[in-house]
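Here's the structure we're looking at; comments come further down.
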Amino acid sequence: MKSKTLTQTKIQPNHTHNHDNGTPHKHVHSEASLKQIINRLSRIEGHIRGVKTMVSESRPCPEVLIQLAAVRGAIDRVSRLILDEHLNECVARAAQEGNIEEELEELKAALDRFLP
1 MKSKTLTQTK IQPNHTHNHD NGTPHKHVHS EASLKQIINR LSRIEGHIRG VKTMVSESRP
61 CPEVLIQLAA VRGAIDRVSR LILDEHLNEC VARAAQEGNI EEELEELKAA LDRFLP
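Right, dumping it as structure tokens:
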């Protein structure tokens, strides 16, 4: 079975998930924001394939490390976009709906796993 690439992913700007306590929370993101994030992830995906090719061709380690640093930087930048989107859309909406505590707890848990 062939896996989907990010460029084949259908953009779904609206989705719902449940908080840990089971209450539904709707996420609404602009299609433009999602497209920007998906485009960046697609570029990262291509960059990773390029690094894999470099390794298989036994390119010099310093060259590979430089490219990996570039990938890490790109991942950091797209992570920042996702965090900004979450704060501006999801956390702000949760504050309006009165369930900010749950949203902040989920964000803290995600950041604990994300940050070193």
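Quick note: the sequence shown, position 20, residue 20 per full-length UniProt numbering, numbers continuous. Quick reminder that beta carbons are idealized off the backbone N, C-alpha and C, glycines included.
With residue i as the anchor, note down where its alpha helix (DSSP H) starts and where it stops.
i, result
"residue 68", "61-85"
"residue 41", "31-56"
"residue 89", "It is not in any alpha helix (DSSP H) - residue 89 carries neither H nor E in the DSSP assignment."
"residue 104", "100-114"
Classify residue i as buried or exposed, calling it buried when 16 or more other Cβ atoms lie within 10 Å of its own Cβ.
i, result
"residue 97", "exposed"
"residue 109", "exposed"
"residue 105", "exposed"
"residue 41", "buried"
"residue 55", "exposed"
"residue 95", "exposed"
"residue 103", "buried"
Quick check on this structure: which residue in the options has the alpha carbon closest to the alpha carbon of residue i?
i, options, result
"residue 36", "62, 71, 54 and 84", "84"
"residue 115", "43, 63, 76 and 69", "76"
"residue 28", "101, 99 and 89", "89"
"residue 49", "67, 32, 100 and 62", "67"
"residue 70", "91, 51 and 100", "51"
"residue 100", "87, 32 and 72", "87"
"residue 32", "113, 112, 93 and 82", "82"
"residue 78", "93, 107 and 45", "45"
Identify, in the order they occur along the chain, each residue of the same chain with its Cβ nearer than 8 Å to the Cβ of residue i, setting aside the five sequence neighbours on each side.
i, result
"residue 43", "74"
"residue 63", "54"
Excluding sequence positions up to five away, which residues of its chain have a Cβ less than 6 Å from the Cβ of residue i?
i, result
"residue 107", "none"
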